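**Q**
Following this line, the structure appears as structure tokens:
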């Protein structure tokens, strides 16, 4: 019996094209080394094996036009090996699409599905869509949602759309609105949380975020949508900045933790919501407005899932 080992690439020197300027080196490598596990990509970055203009760089380094990227030899996956995504999940994601044209997909991502593979996950939304749209070679996530957050997620089908939306996200062209079920009576007058956020990684590798003056500026606007006495409130959250775990940490900072949040939540409150059938994180990206390259505007909304709807129904009856 003979076995074939996956081929190994040699050292590559890649010059960064002008249209890729501003892209992070990790995202650049994920695209350039299609199919190579993200864990391996981050390992070669961490070890300093990837060089830009002969110097070491961090995973968040943003490329400049004309940069020369040295990529070390890496073991490539076997050609045409399919992403092992279950048919049932593929159909669920296909059914979750709320908008699609030749350059963009917007879906209502279910809670509990990661947006990409890595950290022990063999696949996420982007890997599933590469299987669903095999002829679309430039599929890329425009932004991210936490695994347990549901709602509107954009996937670019063309590099030009990805660049356009990244520029809009860096400015103030994209309006993203979330709904969150939070603990207690959120005062109508509490309309914003402006507190800097600092990321840190625990020894376990888990990522945590905290309010810290040394962190990055972060602003979230809040509006009360519905109350359940003094027990809980549904608020709209509009993040003006786009920091990791921003809404979850800002809700905690405001004294109103989000139901079902295992990192930043209140366990007693989350248990009471779970007892009503609410076994999920109650954070949902429900409305999105984005400028289109032709000067038009796309507005989409996504309904909550049955778990959310039935929990709120029981909450209003209790």
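Residue numbers (UniProt numbering): 1 to 318. Positions of the beta carbon are idealized from the N, C-alpha and C atoms, including for glycine. Being a predicted model, the structure only gives us computed values, none of them experimental.
Please return the same chain residues whose Cβ sits closer than 6 Å to the Cβ of residue 292, not counting the five positions on each side in sequence.
**A** Same-chain partners within the cutoff: 298.
**Q** Nearest to residue 243 by alpha carbon, out of 218, 48, 52?
**A** The option with the nearest alpha carbon to residue 243 is 218.
**Q** Alpha carbons only, please: which of 221, 177, 240, 199 is nearest the one belonging to residue 211?
**A** Residue 211 has its Cα closest to that of 199, out of 221, 177, 240, 199.
**Q** Quick check on residue 38: does DSSP put it in helix, strand or coil?
**A** Helix.
**Q** Among 153, 124, 130, 85, which residue has its Cα nearest to the Cα of residue 302?
**A** Taking only the C-alpha atoms, the option nearest residue 302 is 153.
**Q** Going by Cα to Cα distance, which pick from 133, 51, 93 is closest to residue 151?
**A** Cα-wise, what sits closest to residue 151 is 93.
**Q** On the CB-based measure, 16 or more other CB atoms within 10 Å of its CB, does residue 19 come out buried or exposed?
**A** By the 10 Å Cβ count, residue 19 comes out exposed.
**Q** Name the two residues that bound the continuous alpha helix (DSSP H) containing residue 307.
**A** Here the alpha helix (DSSP H) through residue 307 covers 306-317.
**Q** Along the beta strand (DSSP E) that carries residue 30, what are the first and last residues, could you check?
**A** Run containing residue 30: none in the beta strand (DSSP E); it sits in the alpha helix (DSSP H), 25-32.
**Q** Output the distance between the C-alpha atoms of residue 125 and residue 85, rounded to the nearest integer angstrom.
**A** Going from the Cα of residue 125 to the Cα of residue 85 covers about 10 Å.
**Q** How would you call residue 13, buried or exposed, if buried means at least 16 neighbouring beta carbons within 10 angstroms?
**A** Exposed is the call here.
**Q** Determine the closest residue to residue 143 out of 235, 106, 11, with distance taken between C-alpha atoms.
**A** Here the closest residue by C-alpha is 106.
**Q** Against chain D, does residue 182 count as a neighbour if the rule is that its beta carbon must be under 8 Å from one of theirs?
**A** The structure shown contains no chain D, having only a single protein chain.
**Q** To the nearest angstrom, how far is the alpha carbon of residue 310 from that of residue 279?
**A** In a straight line, the C-alpha of residue 310 is about 11 Å away from that of residue 279.
**Q** Can you grab the Cα-Cα spacing for the pair residue 82 / residue 202, in whole Å?
**A** Note on residue 82: pLDDT 48, under 50, position unreliable in the model; no value is reported.
**Q** What do you get for residue 261, buried or exposed, if any count of 16 or more other CB atoms within 10 angstroms of its CB means buried?
**A** Buried, by the Cβ-count rule.
**Q** Starting from the N-terminal side, write out each stretch of the beta strand (DSSP E) that is 3 residues or longer and does not extend beyond the stretch 239-317.
**A** Within the stretch 239-317, the complete beta strand (DSSP E) runs of at least 3 residues are 283-291, 297-301.
**Q** Once you ignore the five residues that flank residue 104 on each side, which residues in its own chain have a CB closer than 7 Å to its CB?
**A** Once the five neighbours on either side are set aside, the close Cβ partners of residue 104 are 154, 156, 157, 161.
**Q** Note down, in chain order, each residue of its chain lying with its Cβ closer than 6 Å to the Cβ of residue 80, except the 5 sequence neighbours on either side.
**A** Summary for residue 80: the model assigns pLDDT 48, below 50, so the residue's position carries little reliability; its value from the coordinates is reported in the next sentence. Here the set comprises nothing.
**Q** Measuring CA to CA, which of 98, 114, 256 is closest to residue 149?
**A** If we check each option's Cα against that of residue 149, 114 comes out closest.
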